[in-house]
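>
Residue numbers (the working numbering), protein chains in the order written: chain A, 20 to 416; chain B, 2 to 255.
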């Protein structure tokens, strides 16, 4: 009797795309268990899944936004805590390095690259604090808490106002959600400390002419009105150049006094892609075909923030939020199954046009466009849908 | 009413329960009276064109700003919960279990709500939800056929089971009942065109972007007299909506 060879599949990255890929691949292979056995390995530099889209939470409170990978996959998945340094696709082998600096190589049959993105940071001389990591989020929380405590003792009204003013620079989804959450929690603390909560000023600096340029103008306006109701003032067409010793300098030459400047400048493809040995676009995204296969690398696929995925029907580049990553991962499971069986693979299809915003605790807004309608959910239901997308992307549903 | 209740409180064994019950009943009364107003509406009821709801509450699934009129007409038939469940299922493709969690109802209840919503909207279980607005070219062709009095052409542009709904609200002349069938609708439309010379100062018809689609605004010396919108299905007009109630057109004059 000839033994049927098992397959080794490695997923690199325990972010939204990575964990959903693991789930989809396991599901696919469960159905094929009698045909081939699967060794599934998940590699990440951390032992946990980091819920990056919730970074604003530790900037205001104690919420833990990490989930141990072993909790997500108690069995059937091997974890390797290491940083991948090279993919040698010719040999179907990857090289990695663990936290102690030990180098290893692992052979694979299939490899899924889902290393995601990193938060864009300002130049160090631009001052302020970028909401780029857990550590940074904690430091932001410490900073505004220290400011507000100082404001209690401060005699000068002008200085007190400065301490109670925060600039959030960058009005993408992250900037919107961060500013709304900051406004809510700082006001709460202000009340506890006996300060006037209406003196808390959150200024959201938007380089564009309106919020949410990806959707209709009216949705942007509605968002702005909701933020205003939360205590956030949006400043359009404003570019912040620098924050230095409590003074914010804008591109139009104006200056403004602030207690804290938080940068939320969006995402960049993971810089490790530059040296990993796979083809990338000039912007730094992995080049893949309509079935997520990496150009010129046998058995290697890439999904999520790190890949440039284009809908072959419309020619549109897929969005880079956790919703798209989840849908891509589910399709990847079917693609792998089809590739193993030698069947035609399902091509990428763009995700439904659908955006969610959290606007402080239990408040949110969801926009989608269907049947010629701009459909908007607001209030608690908007927030519940927002939470649902976060939880399902992190496999908590 | 609340005062009466408070006066009685001293004599009550369970004042809290009494107050709760009283407020609940009061809310029910209010709700019922609003419904009654709608039921007592004269003739057919249609939503206002260019409706821009600003209600931000949770219960109100905001319908959007750039509304397809045909879809709005259909959605207006639904209760707020039915609308929320319908949109979550049909627009966002959520699973019933997830919808149940989001709206705080049981899965079975959500399935029933969807089925009821589809029924109210006249969409069969297997039929996709897809009301299509008439394009500018369509509207132009229909206008040309009407102006030329080309009966055959008008008839050929209408679906076999076309329905024309006209809302005068008891304040403007309008067909009280929906006009159904291709021949009757064609005759009605051609009749309207023939009547235009009777308007003082004549009638001016212009194409405008209404609710995110091409609609017709009919003006006479008195101002806007009708807003007409239509939806097309399989290359012919399935529904025609005539809003003639002056209360619903006033905001368009601004």
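All C-beta atoms, glycine included, are put in the ideal place defined by N, C-alpha and C.
Computed from a predicted model, the values in this text were never measured in an experiment.
Check the Cβ-Cβ distances between residue 103 (chain B) and every residue of chain A, and say whether any is below 8 Å.
Yes, contact with chain A.
> When the Cα of residue 235 (chain B) is compared with those of B:101, B:121 and B:163, which residue comes out closest?
Ranking the options by Cα distance to residue 235 (chain B), first place goes to B:163.
> Taking the alpha carbon of residue 81 (chain A) as the point to measure from, which residue in A:137, A:122, A:160 and A:72 has its own alpha carbon closest?
Measuring from the Cα of residue 81 (chain A), the nearest candidate turns out to be A:160.
> Does any residue of chain B have a CB that is nearer than 8 Å to the CB of residue 373 (chain A)?
For residue 373 (chain A), the answer is yes, since a Cβ of chain B falls inside 8 Å of its Cβ.
> Could you give the C-beta distance for residue 103 (chain B) and residue 81 (chain B), rounded to a whole number, given that I count them as a contact under 8 Å?
Between residue 81 (chain B) and residue 103 (chain B) the Cβ distance is about 14 Å, and since that is not below 8 Å, they are no contact.
> Is there a Cβ from chain A that is less than 8 Å from the Cβ of residue 63 (chain B)?
Since pLDDT at residue 63 (chain B) reaches only 44, below the 50 mark, its modelled position is unreliable, and the value read off the structure follows with that caveat. Closer than 8 Å to some Cβ of chain A, the Cβ of residue 63 (chain B) qualifies, so yes.
> Which residues in the same chain as residue 100 (chain A) place their Cβ atom closer than 6 Å to its Cβ, once the five residues preceding and following it in sequence are excluded?
For residue 100 (chain A), where only same-chain residues beyond five positions count, the Cβ hits under 6 Å are 66.
> Does any C-beta atom of chain B lie closer than 8 Å to the C-beta of residue 224 (chain A)?
Not an interface residue.
> Give the secondary structure of residue 194 (chain B) by DSSP, where H, G and I count as helix, E and B as strand, and everything else as coil.
Helix.
> Can you give me the C-alpha to C-alpha distance between residue 69 (chain A) and residue 119 (chain B), rounded to a whole angstrom?
Between residue 69 (chain A) and residue 119 (chain B), the C-alpha separation is close to 41 Å.
> At the 8 Å Cβ level, is residue 59 (chain B) part of the contact set with chain A, yes or no?
Model confidence at residue 59 (chain B) stands at a pLDDT of 29, short of 50, so the residue's coordinates are unreliable and nothing is read from them.
> So what's residue 247 (chain A) in DSSP terms, helix, strand or just coil?
It is helical.
> Using a threshold of 8 Å, state whether the C-beta atoms of residue 321 (chain A) and residue 336 (chain A) are closer than that.
No.
> Let me know the beta strand (DSSP E) ranges lying completely inside the stretch 289–364 of chain A, each 3 residues or longer, listed in chain order.
Here the runs fully enclosed are 319–321.
> Can you tell me whether residue 245 (chain A) is buried or exposed, with buried defined as 16 or more other CB within 10 angstroms of its CB?
Buried: at least 16 other Cβ atoms inside 10 Å.
> Looking at C-alpha atoms only, which residue of A:250, A:38, A:40 and A:112 is the closest neighbour of residue 296 (chain A)?
Checking every option, the nearest Cα to that of residue 296 (chain A) belongs to A:112.
> For chain A, is any of its Cβ atoms less than 8 Å away from the one on residue 240 (chain B)?
Not an interface residue.
> What runs of the alpha helix (DSSP H), each 4 residues or longer, lie entirely inside the stretch 221–270 of chain A?
Complete alpha helix (DSSP H) runs here, min 4: 236–249.
> Is residue 212 (chain B) buried or exposed, if buried means 16 or more other CB atoms sit within 10 Å of its CB?
So residue 212 (chain B) ends up on the buried side.
> Between which two residues does the beta strand (DSSP E) carrying residue 201 (chain A) extend?
First-last for residue 201 (chain A): 192–211, but that is the alpha helix (DSSP H), not the beta strand (DSSP E).
> Return the CA-CA distance between residue 144 (chain B) and residue 256 (chain A), expressed in angstroms with no decimal places.
Computed Cα separation, rounded: 45 Å.
> Tell me the residue span of the alpha helix (DSSP H) that contains residue 248 (chain B).
Residues 247–250.
> What does residue 404 (chain A) reach in chain B if we use C-beta pairs closer than 7 Å?
What residue 404 (chain A) touches in chain B: 103.
> When the Cα atoms are used, what is the spatial distance from residue 292 (chain A) to residue 299 (chain A)?
Using only the alpha carbons, I get a separation of about 7 Å.
> Taking the straight line between their C-alpha atoms, what separation do you get for residue 110 (chain A) and residue 126 (chain A)?
Whole-angstrom Cα-Cα distance: 8 Å.
> Does DSSP classify residue 394 (chain A) as helix, strand or coil?
If DSSP states are grouped into helix, strand and coil, residue 394 (chain A) belongs with the strands.
> Output yes or no for whether 8 Å exceeds the beta carbon distance between residue 186 (chain A) and residue 253 (chain A).
No, the Cβ-Cβ distance between residue 186 (chain A) and residue 253 (chain A) is not below 8 Å.
> Any C-beta of chain B within less than 7 Å: which residues of the stretch 381–404 of chain A qualify?
Listed by position, the residues of the stretch 381–404 of chain A near chain B (Cβ gap below 7 Å) are 387, 389, 390, 391, 392, 393, 394, 395, 396, 397, 398, 399, 400, 403 and 404.
> Quick check on the burial criterion: 16 or more other C-beta atoms within 10 angstroms. Buried or exposed for residue 158 (chain B)?
Buried: at least 16 other Cβ atoms inside 10 Å.
> Can you find a C-beta in chain B that's less than 8 Å from the C-beta of residue 407 (chain A)?
Answer yes: the Cβ-Cβ gap between residue 407 (chain A) and chain B drops below 8 Å somewhere.
> Mark residue 42 (chain B) as exposed unless 16 or more other C-beta atoms lie within 10 angstroms of its C-beta, in which case mark it buried.
When all chains shown are included, residue 42 (chain B) counts as exposed.
> Determine the burial state of residue 200 (chain A): buried for a count of at least 16 other Cβ atoms within 10 Å of its Cβ, exposed for fewer.
With 16 or more Cβ atoms within 10 Å of its Cβ, residue 200 (chain A) is classed as buried.
> Restricting to Cα atoms, I'd like to know which of A:323, A:144, A:41 and A:136 is closest to residue 288 (chain A).
The candidate whose alpha carbon is nearest that of residue 288 (chain A) is A:136.
> Using 8 Å as the threshold, is the C-beta distance between residue 280 (chain A) and residue 146 (chain A) below it?
Cβ distance < 8 Å, so residue 280 (chain A) and residue 146 (chain A) count as in contact.
> How big is the Cα-Cα spacing for residue 334 (chain A) and residue 369 (chain A)?
Going by the C-alpha atoms only, they are around 10 Å apart.
> Return the bridge partner residues of residue 375 (chain A) from the DSSP annotation.
Paired residue(s): A:385.
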